[in-house]
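For reference, the structure discussed in these notes is given below.
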Amino acid sequence: MGAMSALAPTLASKEGISAKGPEPFELDEFTIAELQKGMMRGRLTAHSIAESYLRRIEKVDRSGPAVNSVIEVNPDALAIAQELDGERKAGKTRGLLHGIPVLIKDNIGTHDRMMTTAGSLALSSSVPPDDAFLVGRLREAGAVILGKTNLSEWANFRSGHSTSGWSGRGGLTRNPYALDRNPCGSSSGSGAAVAANLCTVAVGTETDGSVVCPSSINGIVGIKPTLGLVSRGGIVPIAHSQDTAGPMARTVSDAALLLAAMTGVDLADQAMAMKRIPATPPADYKPYLDPMGLRGKRLGVVRKLFGFHDAVDRLMEEAIKEMKRQGAEIVDPVEIESLRKFEESEMEVLLYEFKADLNTYLAALGPSAPVKSLREIIEFNERNREKEMRYFGQDLFVKAEAKGPLTEKAYLDALEKNHRLARTEGIDGACNKFHLDALVAPTAGPAW
30 MGAMSALAPT LASKEGISAK GPEPFELDEF TIAELQKGMM RGRLTAHSIA
80 ESYLRRIEKV DRSGPAVNSV IEVNPDALAI AQELDGERKA GKTRGLLHGI
130 PVLIKDNIGT HDRMMTTAGS LALSSSVPPD DAFLVGRLRE AGAVILGKTN
180 LSEWANFRSG HSTSGWSGRG GLTRNPYALD RNPCGSSSGS GAAVAANLCT
230 VAVGTETDGS VVCPSSINGI VGIKPTLGLV SRGGIVPIAH SQDTAGPMAR
280 TVSDAALLLA AMTGVDLADQ AMAMKRIPAT PPADYKPYLD PMGLRGKRLG
330 VVRKLFGFHD AVDRLMEEAI KEMKRQGAEI VDPVEIESLR KFEESEMEVL
380 LYEFKADLNT YLAALGPSAP VKSLREIIEF NERNREKEMR YFGQDLFVKA
430 EAKGPLTEKA YLDALEKNHR LARTEGIDGA CNKFHLDALV APTAGPAW
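Using the numbering used here, you'd call the opening residue of the sequence shown number 30 and step up by one each time.
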């Protein structure tokens, strides 16, 4: 705990931003709304905000405590910010994020002077032919893509013995509140960067826990959206049945604003084509940020997810009491029949889909792709064992490569089982049985 007490004041320190107005601006966990207000009044500029975050990345991420959450800084960030300032001066603002610095996970494609590698050395020269769909949406909303964040390599799907926050390209990301503890993953860099105040908001991706776990461990807000709300186009995949990108922020309101900017209809994404969500998602989630929103809502407490850490349980009990004080009806306990029954079938689906989806992604990179298939990545890693596999191997890659096409019965049976356990015998089943609006449970224990 000594590391936590020593580092917390360091990360809470303020970083000055030069502004034209009479009042100095200090970089201290400002929200999107506060930054927009400063730019609208002429006290701040997108350039000065981006410049300050870049200085803080140098001070806190590259040196000092060396959190190591940012794998690459966008060399064009300041030029983009300057252009956005010019647009604002001319009376034009693009959207909710105009001039706001955003970091994105290094498995999300950008067609610029940054690489998209999923933290791997095998893709270390890869620049996709296009922006990921959600990156295009962020640019349309006026975001400044400040850089890419480190991650658990290949979104934590190379080995069952991997370390959260480590990648061959980026090294190890550290927990900004306790340097000797894990930041969780696989969106480790995004979580740590937001917590360390290296950006206003960040984007992570999740297949199973990779947004919500690092958000919990780093003390921030993370949302895994409903599958199909945010396009997966241009993101290095694990499995199309579960993959999605999600916002990571220091406040619920900032997470909602970022989510609104990320959404959009991409019919090339099969989850959207299947219409699992409304055809036109909300353009703004702010109206749903209702201080009285819990009144009359039925919330179910999943007790089987408690009991793993006394301090976490105590905090959860206080949170439940607060929800009740705010008008929620608490249903306690709520049983989810399928809890912890789907690990085997889930892994089977992920292995099958990883091989198919990754090979499709690599083919879309075109002839300049540094590797063309999962098999070639396995071979690359074997040739570069001293760099890529000095801490753990690639057992999941090998298992995935051995799988056949997505028409095989083993895959289809596992997929059907997953849907049944997660839906009719899982979250949907519990919500329907107890007439619930939401479920309540701890996300994770403290950092380990």
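The beta-carbon is built from N, C-alpha and C at its ideal position, and this holds for glycine as well.
From a predicted model like this one, the values you see are computed outputs, not experimental measurements.
The alpha helix (DSSP H) enclosing residue i, as first and last residue numbers
i	result
residue 243	241–246
residue 389	372–393
residue 456	456–463
residue 57	Premise fails: residue 57 is in no alpha helix (DSSP H) and is neither H nor E.
residue 427	424–430
residue 363	Note, residue 363: premise wrong, no alpha helix (DSSP H); not H, not E.
residue 479	For the chain, the structure presents residues 30 to 477; residue 479 sits outside this window and is missing.
residue 83	75–85
residue 477	Careful: residue 477 lies outside any alpha helix (DSSP H) and carries neither H nor E.
Residue i (DSSP reduced to helix, strand or coil)
i	result
residue 264	strand
residue 468	strand
residue 276	strand
residue 227	coil
residue 405	helix
residue 61	helix
residue 282	helix
residue 96	coil
residue 233	strand
residue 137	strand
CA-to-CA distance, residue j to residue i, given in whole angstroms
i	j	result
residue 98	residue 352	34 Å
residue 109	residue 186	34 Å
residue 250	residue 82	20 Å
residue 223	residue 420	27 Å
residue 474	residue 136	26 Å
residue 466	residue 86	40 Å
residue 296	residue 267	20 Å
residue 404	residue 147	17 Å
residue 301	residue 407	32 Å
residue 200	residue 463	46 Å
residue 445	residue 264	25 Å
residue 52	residue 67	Low per-residue confidence applies at residue 52: pLDDT is 45, beneath 50, and the placement is therefore not dependable, though the value from the model is reported in the following sentence. In a straight line, the C-alpha of residue 52 is about 11 Å away from that of residue 67.
residue 433	residue 213	31 Å
residue 184	residue 202	14 Å
Beta-carbon proximity check, residue i vs residue j, cutoff 8 Å
i	j	result
residue 274	residue 341	no
residue 167	residue 126	yes
residue 362	residue 330	yes
residue 95	residue 246	no
residue 425	residue 194	no
residue 378	residue 443	yes
residue 293	residue 323	no
Bridge-paired residues (DSSP) for residue i
i	result
residue 195	201
residue 327	358
residue 176	102 and 132
residue 255	Answer is none; residue 255 lacks a bridge partner.
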